[in-house]
């Protein structure tokens with residue numbers, strides 16, 4: 084009996100999917116459908132939020148931007164998940180760090196104005 088699956092899953096993008104398949108192939112299949120659904124739901128929500136910030140809903144530019152973002156999103160699916168995460172997480176960390184200071188400044192300024 085093995086106590087760890089580390090050697091088996093260390094280089095896999097979604098280790099829980101491999102573990103689910105080892106429990107039973109049907110569980111692995113169901114889990115893969117769930118993972119695709121969760122990913123799709125997240126992408127659609129984030130794309131809608133992004134597009135609605137830059138265009139007026141249901142305008143010509145809105146539909147053009149939906150098409151462009153959909154193509155870009157589709158093309159990004161060909162990038163390895165681990166490579167995408169390794170690229171995006173550090174960038175989001177830097178953006179978060181940059182945005183941290185103006186948010187703190189505005190909060191302190193707002194707090195001082197109310198007192």
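In the working numbering, the protein residues as written are 84 to 198.
The beta carbon of each residue, even a glycine, is placed where N, CA and C say it ideally should be.
In the DSSP annotation of this structure, the continuous segment of the alpha helix (DSSP H) that includes residue 196 starts and ends at 164–197. Following the DSSP letters along the chain, one finds residue 115 inside the alpha helix (DSSP H) bounded by residues 108–137. With the rule of 3 Cβ pairs closer than 8 Å, the stretch 144–162 counts as touching the stretch 127–134.
Per DSSP, the continuous alpha helix (DSSP H) segment holding residue 151 begins and ends at 143–159.
A Cβ-Cβ contact shorter than 8 Å links residue 92 with residue 101. The C-beta distance from residue 156 to residue 126 rounds to 6 Å, short enough to fall under 8 Å. Burial is judged here by how many other beta carbons sit within 10 angstroms of a residue's own beta carbon; residue 169 has fewer than 16 and is exposed. Here residue 134 is buried, its C-beta having at least 16 other C-beta atoms within 10 Å.
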